[in-house]
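Trainee: First the structure, which I've put down as structure tokens, then a few questions once you've had a look.
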Amino acid sequence: MFKVEDFQNYGKEQFETAVNSATTVQNGLHAIATAYGDYTKKSFEDTKSFVEKLSGVKSLDKVLEVQTEYAKSAYETFVADSQKIAGLYSDLAKQAFKPLEGIAAKFTPPAAH
């Protein structure tokens, strides 16, 4: 037999779980957006610096040197920030599904040994 209090407690638990999950998702998305913004800002500043260096170059050898330096730096920045952002997405997914693990555990029968 169900008691009204049990039903109310269950509803309260589910509501709290949903609120906590939404807060976690919001914080995770904010961290991801910040990481994208930081990468974009750094990329823009690096490109601006590259153009300034390139405009002062007088020889073809120096042009190639500056271009190679920029390409290497841009690639390293892209890879590092991509890995950072991928990690943020992974953390977000883990945190977003964590409350569901608790719910699933309540309804999953214990494993027989």
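Going from the sequence shown to my numbering is simple: count from 1 and add 1005. C-beta atoms are modelled at their ideal positions from N, C-alpha and C, and glycine is treated no differently.
Please list, in chain order, all residues of the same chain as residue 1082 whose beta carbon is under 8 Å from its beta carbon, the five residues on each side excluded.
Mentor: 1044, 1047, 1048 and 1051
Trainee: Keeping to the same chain, check which residues put their C-beta closer than 8 Å to that of residue 1078; ignore five residues upstream and five downstream.
Mentor: 1051
Trainee: Note down, one range per segment and in chain order, each alpha helix (DSSP H) of at least 4 residues found wholly within the stretch 1035-1081.
Mentor: none
Trainee: Throw me the rounded Cβ distance for the residue 1058 and residue 1071 pair, which I believe falls under 8 Å.
Mentor: For a cut-off of 8 Å, the C-beta gap from residue 1058 to residue 1071 is around 5 Å, short enough to register as a contact.
Trainee: Alpha carbon to alpha carbon, how far is residue 1027 from residue 1084?
Mentor: 30 Å
Trainee: With burial defined as no fewer than 16 other Cβ atoms inside 10 Å of the residue's Cβ, what is the status of residue 1104: buried or exposed?
Mentor: Buried.
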